[in-house]
Amino acid sequence: MYGCLLQDKLKAVSEELGHQIRVFSREKFAQQPSKLPSADYEEDDEFYELQPADYHNLVSIRKAEKSKMLKTRKMREAELAAQRAKIAKAVMRVRFPDGYILEADFLPSDRIHSLVDLLMKVLARPDLPFYLYTVPPKKRILDTSQDFYTAGFVPGANVHFSYDLPEGSLADDLKSGPFLREEIQSLDGLSLLLKPASQPDDSRMNSPAVQSGVSQSNPAPTANEKPGKPKWLKR
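Rendered as structure tokens:
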């Protein structure tokens, strides 16, 4: 019964906003299992030793890269279209300075400004200018006309929120939040109480391709596009 009420509440919010969303405080988000190693985790020396399998992987990678250079433009465009067709959604996480996280589902073909439009509906102060950025390094997202796939934001990405205000009393007063509307914040962790849905792998959120942006002619490779790199290159 309680689960049905939660589902109804989340469904009503999704219909109002036009997107499925999930909201987490810093504490609730920490309850989700993470696939990332802890910050203080270190590999032993054996991890960095070149093994025979690593050598063969390197040779295979070089051959694959050489073959890719020889492909015609039409072949590359056809492969790009096939890759895009396989990706069903882009999961975007917006991290706010007060620790809250808004997670929303988009189509890879949706434009970044659709995320901006969603934020205008959930912010406590939609009347104030704001911007989104990625880290590290800090890079402001300026072109919101790009689709999520072209921008490199698939299968998902972390972006950060900031008010675009000059230093002063108003900016200082807003630093502690709240940034989200009260009724949106009340959804904190509700999705964790329902049947777990498949979540994006944290290790693929904000990959190097995401941080720097990816052009349409050079998309982020899929898992099956080329042989795996040797283990000591994966860091």
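Residue numbering for the sequence shown follows my numbering, starting at -7 and increasing by one per position. Note that CB positions come from ideal geometry on N, CA and C, so glycine has one too.
Run the CB neighbour count on S183, radius 10 Å, all protein chains shown included, and call it buried at 16 or more, exposed below. buried
Taking I13 as part of the beta strand (DSSP E), name the residues at either end of that continuous run. 13 to 16
At least three beta-carbon pairs within less than 8 angstroms, the stretch 134 to 146 to the stretch 167 to 182: no
For K131, which three-state DSSP category applies? In the structure shown, K131 sits in a strand (DSSP, three-state: E or B).
From the DSSP output, in three-state form, read off R173 for me. coil
In chain order, what residues of the same chain lie with their CB nearer than 6 angstroms to the CB of L120, ignoring the 5 residues before and after it? So the qualifying residues of the chain are Y155.
With DSSP run on the structure shown, which of helix, strand or coil describes F21? Note: F21 maps to helix in three-state DSSP.
Backbone CA spacing between D0 and V108 [nearest angstrom]: 25 angstroms
Based on Cα-Cα distance, which residue from R18, G144, I53, E175 lies nearest to P89? R18
Close beta carbons around F21, own chain, < 6 angstroms, minus the five adjacent residues each side: Within the same chain, F21 has close Cβ partners I93.
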